[in-house]
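One structure is given here, and the rest of the page talks about it.
Protein chains: 2
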Amino acid sequence: MSAPGEAARRKPARRPTIKDIARRAGVSESAVSFALNDRPGVSQDTRARIRRVAQELGWQANSAARALSGERAGCAGLVLARPARTLGVESFFLQLVSGIQEVLSTRRTALLFQVVEDLETECALYRRWWAERRVDGVLVVDPRTRDPRPQLLASLGLPAVVVGGLAAPDPATSTVWADDAKAMARVLDHLHGLGHRRIAHVAGMPDLAHTERRIRSLRTEADRRGLDARHVRSVTTDYSDAEGAEATRRILDAAEPPTAVIYDNDVMAVAGASVAAERGIAVPGGLSIVAWDDSALCRVTHPRLTALVRDTPGFGRLAAQELLAVLDGGPVRTVQGELPHLEARESTGAP
Amino acid sequence: MSAPGEAARRKPARRPTIKDIARRAGVSESAVSFALNDRPGVSQDTRARIRRVAQELGWQANSAARALSGERAGCAGLVLARPARTLGVESFFLQLVSGIQEVLSTRRTALLFQVVEDLETECALYRRWWAERRVDGVLVVDPRTRDPRPQLLASLGLPAVVVGGLAAPDPATSTVWADDAKAMARVLDHLHGLGHRRIAHVAGMPDLAHTERRIRSLRTEADRRGLDARHVRSVTTDYSDAEGAEATRRILDAAEPPTAVIYDNDVMAVAGASVAAERGIAVPGGLSIVAWDDSALCRVTHPRLTALVRDTPGFGRLAAQELLAVLDGGPVRTVQGELPHLEARESTGAP
DNA sequence: TGGGCGCACTAATGCGGTTTAGTGGATCAG
DNA sequence: CTGATCCACTAAACCGCATTAGTGCGCCCA
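Below, the structure written as structure tokens:
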């Protein structure tokens with residue numbers, strides 16, 4: 001006698017096809033197809049009967065067959081181009097993906113998710129997915145200042161939605177974006193209101209579109225409030241804790257160090273707080289800290305970090321909705337996500 | 001005149017098929033198929049010519065067509081069943097996925113990655129993927145103490161590899177596991193060597209297999225060293241910072257509080273350190289802290305946390321290799337991952 | 001009462017590959 | 001010189017579904 005697992009291996013259950021349904025319901029395969037796809041051509045009775053049989057057999061359309069006969073692949077793609085090294089603590093993407101899938105699953109669309117090393121590999125992957133007809137469309141994340149991807153995707157005819165793009169993006173590609181300028185204004189309202197006049201900004205990777213946007217916004221908002229441009233500085237990093245800490249050290253070593261620092265992600269903010277602690281600088285007395293993006297991280301440090309809270313799963317849902325709209329032949333649009341709010345905690349105070 | 005994007009939309013590049021190659025190379029479609037799949041039936045010359053044409057046209061097999069004609073879908077699946085709430089700071093999965101893909105991509109296999117709310121939805125998803133023939137096999141993560149998944153997958157005949165399973169798992173399913181018992185021994189060597197005799201363990205979710213395993217290992221290792229069982233306690237949590245902090249408070253409130261705490265992930269360890277700071281308990285003087293799993297988190301706190309470091313991408317690579325082996329018809333195996341090592345930092349010392 | 005029409009359904013075709021069953025010509029042994 | 005064998009290649013069937021082009025039948029209206 002063989003183990004149950006072995007038996008299952010040798011004789012795997014056969015997947016039912018429309019042929020099985022047709023035979024059992026006593027109709028042709030086409031009738032089954034019509035019935036199950038809400039197409040006219042079968043009576044109410046027959047439709048109901050076919051549906052019941054399909055249910056009984058646990059039938060699901062073979063995705064390959066459906067994709068082959070001109071329909072959709074039922075699959076969207078998302079590529080994350082990040083060197084393995086910076087693939088550290090990042091709650092953002094898992095939450096984004098979770099929101100995306102929430103919406104995609106309502107339309108029985110799966111998500112092909114791939115992590116690659118660089119942009120070049122990402123582009124090669126798009127080409128392959130396109131040639132293989134593996135995906136119906138893709139979500140492009142981490143938009144760059146001069147991004148080759150929208151153009152590539154347009155030339156391939158592969159539907160796409162840029163997530164977190166510019167306010168005035170490539171006119172041929174739908175975009176879901178967040179208003180970083182307004183968000184930055186909120187941060188500055190908070191810090192300026194507390195009395196801060198020297199503010200540093202530890203930004204992320206320099207070639208990302210939103211990095212440039214935030215840097216520009218900071219300058220604009222500082223000007224508007226009459227702050228001395230020499231005392232409002234941005235530096236770029238690779239988002240890692242190491243570079244966040246290093247940037248903080250350099251900033252604090254300057255002649256007239258800032259009284260507040262804005263970090264472009266939570267990991268660097270925590271690293272910055274750690275550098276302050278190491279130097280005996282009180283937070284927020286000696287240094288105020290703001291994290292752009294909230295996470296458990298900001299709540300477990302001591303003091304807890306003031307953070308810009310955004311609804312990341314919600315942003316993902318929005319992006320997925322837009323992609324589905326594009327797949328349905330909808331127009332190219334630019335949709336704005338919810339404005340983040342500033343959750344003031346103990347890491348910010350008067351200088 | 002229309003925008004270039006619009007033009008691309010209206011006239012998307014046509015994907016080349018083997019028919020195109022056949023026409024251009026002056027042979028039949030079958031010859032092309034033989035040539036491109038390393039099958040006998042064509043001469044060396046013809047094979048080379050066909051290959052060249054395919055290259056020129058940038059041909060890639062239509063994955064749907066290939067899947068339909070009995071071949072593989074060229075796709076593996078991974079489902080993460082976690083309530084959205086606990087989808088917090090977790091570097092583990094992104095790294096695991098990155099390692100998995102490194103191996104899968106060498107065999108042109110994509111990864112379908114899906115986040116769902118619970119185990120029931122996960123099982124339903126397996127059934128759907130199976131019926132849709134969407135995946136060739138799946139990687140099962142977060143194995144439970146009494147896990148329905150291996151049996152379900154076996155009954156469906158869907159190849160699977162359990163990642164992080166038991167040492168003596170379901171005999172019908174391949175398993176890749178880590179030796180938590182030995183790892184725990186290393187942690188206890190370290191703490192016991194420093195002089196700790198009262199040790200607490202803040203574990204993860206109670207129904208996960210490795211939680212039970214670690215709890216049992218702690219007990220065994222404590223016995224072996226002659227520690228009083230009443231002073232070596234494990235409590236379970238949901239892995240979140242909130243429950244990690246709460247557990248720490250309760251532990252510290254006990255009559256004879258421990259002098260060292262082992263946390264089952266990095267987030268809870270940091271939360272625990274934060275509770276200690278809040279109460280004015282010195283680390284490591286008043287309390288030593290060990291994190292099971294390293295990440296940037298453990299390096300940005302102050303003091304930096306002693307952690308069990310494991311090669312997570314490597315673990316993912318191992319799992320993917322095993323899945324590919326199973327797909328190739330290889331035997332059911334149980335493979336052991338690399339033993340983690342303890343990276344001693346400043347959060348552990350003499351009590 | 002019969003031609004036209006609409007309805008419910010079936011037959012046949014195609015999607016892009018893989019695979020099996022031929023086919024014609026060169027080669028070789030007898 | 002003939003029949004068997006092998007080789008390179010082609011023709012055709014098939015995977016499971018969607019879709020288009022029929023087909024038979026009842027019903028309505030002239």
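Chains A and B, in that order, are what the protein sequence lines are.
When we follow UniProt numbering, the leftmost residue of the first sequence carries the number 1, and every step to the right adds one.
When we follow UniProt numbering, the leftmost residue of the second sequence carries the number 1, and every step to the right adds one.
Glycine residues also receive a C-beta, built at the ideal position from the N, C-alpha and C atoms.
The structure displayed is predicted, hence computed values, not measured ones.
Residues of chain B whose Cβ lies closer than 7 Å to the Cβ of His302 (chain A) are, in chain order, Ser274, Ala277 and Glu278. Within 7 Å of the CB of Gln60 (chain B), the CB atoms of chain A belong to Arg128, Ala131 and Glu132, in sequence order along the chain. In the DSSP assignment, Leu78 (chain B) falls within the beta strand (DSSP E) that extends over Cys75 to Ala81. Chain A places a beta carbon closer than 9 Å to that of Ser105 (chain B), counting this residue as a contact. For Asp241 (chain A), at least one C-beta of chain B is nearer than 9 Å to its own C-beta.
Where His210 (chain B) is concerned, the enclosing alpha helix (DSSP H) starts and stops at Ala209 to Arg224. With its beta carbon less than 9 Å from one in chain A, Leu297 (chain B) belongs to the interface. The beta carbon of Leu287 (chain B) is closer than 6 Å to those of Ala276 and Ile281 in its chain, skipping five residues each way along the sequence. Distances from the alpha-carbon of Trp292 (chain B) to those of B:Asp311, B:Ala81, B:Gly285 and B:Val163 put B:Asp311 closest. Between the stretch 258–270 of chain A and the stretch 190–204 of chain A there are three or more inter-stretch CB-CB distances shorter than 8 Å, so the stretches are counted as touching. Straight across, the Cα-Cα distance linking Pro303 (chain B) with His341 (chain B) is about 20 Å.
The C-beta of Arg146 (chain B) comes no closer than 9 Å to any C-beta of chain A. Close CB contacts of Ser63 (chain B) within its chain, under the 6 Å cut and outside five residues either way in sequence, are with Gly74 (chain order). The straight-line gap separating the alpha-carbon atoms of Val103 (chain A) and Asp147 (chain B) is approximately 28 Å. Per DSSP, Gln60 (chain A) is not a residue of any beta strand (DSSP E), being assigned neither H nor E.
DSSP places Leu96 (chain B) inside the alpha helix (DSSP H), whose first and last residues are Ser91 to Leu104. Of all residues in the stretch 253–272 of chain A, only Val267, Val270 and Ala271 come within less than 7 Å of chain B when Cβ atoms are compared, listed by chain position. Listed in chain order, the non-local C-beta contacts of Thr145 (chain A) below 7 Å within the same chain comprise Asp207, Ala209 and Glu212, local neighbours out to five positions each way being set aside. Contacts with chain B at 9 Å (Cβ-Cβ) include Val97 (chain A).
The alpha-carbon of Ile215 (chain A) is positioned some 9 Å away from that of Ala181 (chain A). Contacts with chain B (Cβ-Cβ distance below 7 Å) from the stretch 108–129 of chain A involve Ala110, Leu111, Leu112, Phe113, Gln114, Val115 and Arg128, listed in chain order. With 16 or more other CB atoms across the displayed protein chains lying within 10 angstroms of its CB, Thr248 (chain A) is buried. With respect to the 9 Å criterion, Val270 (chain A) and Leu297 (chain A) are classified as neighbours on the basis of their beta carbons.
Secondary structure of Leu112 (chain B) (DSSP, three-state): strand. Counting only Cβ-Cβ distances below 7 Å, Arg52 (chain B) has no contacts in chain A at all, with the closest Cβ about 17 Å away. Three or more Cβ pairs closer than 8 Å define a contact, and the stretch 11–20 of chain A meets that threshold against the stretch 50–62 of chain A. Using a CB distance cut-off of 9 Å, Gly74 (chain A) counts as an interface residue toward chain B.
In terms of Cβ geometry, Tyr239 (chain A) and Val267 (chain A) form a close pair [threshold 9 Å].
For Gln44 (chain A), no CB of chain B lies under 9 Å from its own CB, so it is not counted at the interface with that chain.
Gly164 (chain B) has its alpha-carbon roughly 6 Å from the corresponding atom of Ala178 (chain B). The C-alpha of Ser295 (chain A) lies about 7 Å from the C-alpha of Ser91 (chain A).
The secondary-structure analysis by DSSP pairs His341 (chain B) across a beta bridge with B:Val309. Within the stretch 323–348 of chain A, Val332 place their CB atoms closer than 9 Å to a CB of chain B, listed in sequence order. For Phe315 (chain A), the nearest beta carbon of chain B is not closer than 9 Å to its own beta carbon.
For the 9 Å CB-CB criterion, Leu324 (chain A) and Gly337 (chain A) do not form a contact. Nearest in C-alpha terms to Ala350 (chain A), of all of A:Leu327, A:Arg198 and A:Gln321, is A:Arg198.
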